[in-house]
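Sequences listed follow chains A and B, in order.
Counting from 1012, one number per residue, gives the positions in the first sequence under this note's numbering.
Counting from 1012, one number per residue, gives the positions in the second sequence under this note's numbering.
Where a beta carbon is used, it is the ideal one built from N, C-alpha and C, also for glycine.
There are 2 protein chains.
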Amino acid sequence: MAQIRTFDRRRLIFQQDDPCPGLFIVGEGLVKVYNLAAGGKEHVLHLVEPGGTFAEVAAIGGFDCPASAEAMEPTICALLPLEPFKRVLAEDHGLCLGLLTGMAKWVRHFVGLMEDIVLRDALGRVAHYLLDTSGGRSDQIALPAMKKDLASHLNLTSETLSRTLRRLTESDLIDLLDGRHIRIKDAEGLRSVADGMFPES
Amino acid sequence: MAQIRTFDRRRLIFQQDDPCPGLFIVGEGLVKVYNLAAGGKEHVLHLVEPGGTFAEVAAIGGFDCPASAEAMEPTICALLPLEPFKRVLAEDHGLCLGLLTGMAKWVRHFVGLMEDIVLRDALGRVAHYLLDTSGGRSDQIALPAMKKDLASHLNLTSETLSRTLRRLTESDLIDLLDGRHIRIKDAEGLRSVADGMFPES
DNA sequence: CCGCCGCCTTGATCTGGATCAAATCCCCGT
DNA sequence: ACGGGGATTTGATCCAGATCAAGGCGGCGG
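Take a look at the structure:
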């Protein structure tokens, strides 16, 4: 029922205000979902990794795409077109319930991002992002994308992100392993920075 | 099946991290849904007028309240407690579909707010808010709440909101009728300010 | 292996909006 | 009407983070 779609690196998948083509599920690669301001500034709403979906909200709500999407790496997606999706949705109550709770979780995550941007300063945002991304699982974090895109996600410039990571390193809260990997040295301390404390050193 | 609940002015309805009591529907009054930062700064997520609902997301997703809610005026709500709500939801496919599209619209509105906060400056945010609130219907706008709460919703201070409204007035784009009412004089011009143009005068 | 181009870091400066500080205004209860 | 307390306006100053400006560092194609 679904189609397979492949996209080269830097390929635009859809643009803001395009009619919604359906529900995408990422199989491989990385997709950046973002908005553009009049002046050209970009805000990265969501970085979608394999297993994630995008364009669900527009597909369900029946309106045009509220953002643009671009493949950041060679990417393979399954696309479930709008009509069959709506048909299945109208029949399958279990699916409907599942989507509802999935959407609720997604909204909550999104409210969290908004809170970060509005209520935390740069240091707090980065600290909170690192804790969230590590998931408490491991103290080893692989950044999902280029730093400039992470910075945009957190509504920072890449310069500020760079300086902020340096500050956290100098306070012995994290280690910068290489450009793409970070180790959390002091999760406790990082948590207090995320909650507005000033790092000691 | 639902209970009626009344709240005095300034009465806290629930706090962030409380277990979700269920789905609220406002009958009369005004409810402020907001988050607090560590340092005490407040962000108004949503101002709920009669006919609106709140706490839906937590009720559906089954997690704790992601924000706090306070009655801004004497307020009457219907509260549909969690258990009966879940029971109905599990049985009624039509309701489930309705909630799903309602939630999608809400997410979209919310993405719009995020876009505003991240991609527009103070002038653009206020101009866009005024256009959105008028709905193109009438050129007469009744502000739903105190200016300091509107300012917080747009991630501004009340001082900046005040100055911004003055600038728009001096550019002949709006008229300040009284503390609670604004008339749009030049919707065209306001739109271009919202899209990043500098007001002429 | 080399060269190039784009990302990342670091430093210097600038600025929009926050913060601090007064007046006023306005609503509401007495 | 009167008084009081919070809301709003207005002015002066401050500051976190943006912007501007160089280097430095990879990674990839040839």
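Would you say residue i lies against chain A (beta-carbon separation less than 8 Å)?
i       : result
B:T1175 : no
With 16 as the cutoff for other CB atoms within 10 Å, does residue i come out buried or exposed?
i       : result
B:V1037 : buried
A:G1050 : exposed
A:M1012 : exposed
A:G1033 : buried
A:P1030 : exposed
A:D1160 : buried
A:L1200 : One point to set straight first is that residue 1200 of chain A is Gly, not Leu, in the sequence displayed. Buried, since its Cβ has 16 or more Cβ neighbours within 10 Å.
B:S1163 : buried
A:S1149 : exposed
A:E1126 : buried
A:R1021 : exposed
B:G1105 : exposed
B:E1067 : buried
A:L1100 : buried
B:F1065 : buried
A:F1096 : buried
Examine chain B for any beta-carbon lying closer than 8 Å to the beta-carbon of residue i, and answer yes or no.
i       : result
A:G1073 : yes
A:G1207 : yes
A:P1210 : no
A:P1221 : As displayed, chain A neither begins before 1012 nor continues past 1212, which places residue 1221 of chain A out of reach and without an answer.
A:V1204 : no
A:V1059 : no
Using only alpha-carbon positions, find the residue among the options that is nearest to residue i.
i       : options                               : result
B:I1128 : A:D1019, A:L1165 and A:G1040          : A:L1165
B:D1206 : B:A1089, B:L1154 and B:Y1140          : B:Y1140
B:T1072 : A:W1117, A:E1081 and A:F1074          : One point to set straight first is that residue 1072 of chain B is Gly, not Thr, in the sequence displayed. Closest by alpha carbon: A:W1117.
B:I1087 : B:C1076, B:F1018 and B:R1131          : B:F1018
A:H1054 : B:V1122, B:L1176, B:I1015 and B:L1110 : B:V1122
B:L1058 : B:K1196, B:T1144, B:V1204 and B:I1185 : B:T1144
B:Q1014 : B:G1147, B:L1023, B:L1134 and B:F1035 : B:F1035
A:G1154 : A:R1202, A:I1195, A:C1076 and A:H1104 : Contrary to the premise, residue 1154 of chain A reads as Leu rather than Gly in this sequence. Answer by Cα proximity: A:I1195.
A:A1133 : A:S1173, A:A1115 and A:G1146          : A:S1173
B:E1039 : B:D1028, B:G1109, B:E1060 and B:Q1027 : B:E1060
A:A1115 : B:A1070, B:P1095 and B:P1085          : B:A1070
B:R1202 : B:L1187, B:T1112, B:D1189 and B:L1179 : B:L1179
B:G1190 : B:D1197, B:L1176 and B:L1111          : B:L1176
A:L1124 : A:V1204, A:I1024 and A:L1056          : A:L1056
A:Q1027 : A:E1211, A:T1112, A:T1064 and A:S1079 : A:S1079
B:K1052 : A:P1085, A:A1156, A:R1131 and A:T1171 : A:R1131
A:Q1151 : A:P1210, A:P1092, A:H1192 and A:K1097 : A:H1192
B:A1219 : B:M1157, B:T1171, B:V1204 and B:L1111 : Residue 1219 of chain B lies beyond the range of chain B shown here (1012 to 1212); nothing can be said about it.
B:V1044 : B:M1208, B:A1156 and B:P1210          : B:A1156
B:G1113 : B:G1147, B:G1063, B:R1016 and B:E1181 : B:G1063
B:P1085 : B:R1016, B:L1142 and B:T1171          : B:R1016
Within 7 Å: the Cβ of residue i and any heavy atom of the ligand ZN?
i       : result
B:R1131 : The ligand ZN is absent from the structure shown, which contains no ligands of any kind.
Below 8 Å on the Cβ atoms is my guess for residue i versus residue j; work out the distance and round it to an integer in Å.
i       : j       : result
B:L1041 : B:M1083 : 4 Å
B:I1024 : B:E1102 : Incorrect: roughly 28 Å between the Cβ atoms, too far for contact.
B:R1136 : B:L1167 : 7 Å
B:D1197 : B:L1184 : 5 Å
A:L1108 : B:C1076 : Actually they do not touch by this definition, with Cβ atoms about 21 Å apart.
A:R1098 : B:F1074 : Not confirmed; about 31 Å, so no contact.
B:L1111 : A:L1111 : 6 Å
B:S1169 : B:E1211 : The Cβ separation is near 26 Å, so there is no contact.
Residues within the region 1116-1146 of chain B neighbouring chain A, beta-carbon criterion of under 9 Å: Against chain A - using a Cβ distance shorter than 9 Å - the residues of the region 1116-1146 of chain B are K1116, W1117, V1118, R1119, F1121, V1122, G1123, L1124, M1125, E1126, I1128, V1129, L1130, R1131 and G1135.
Chain B contacts from the region 1084-1115 of chain A (Cβ-Cβ distance under 8 Å): L1100, A1101, H1104, C1107, L1108, L1110, L1111, T1112, M1114 and A1115
Where the region 1185-1199 of chain B meets chain A: residues whose CB sits under 7 Å from a CB there: none
Residues within the region 1026-1057 of chain B neighbouring chain A, beta-carbon criterion of under 9 Å: N1046, L1047, A1048, A1049, G1050, K1052, E1053, H1054 and L1056
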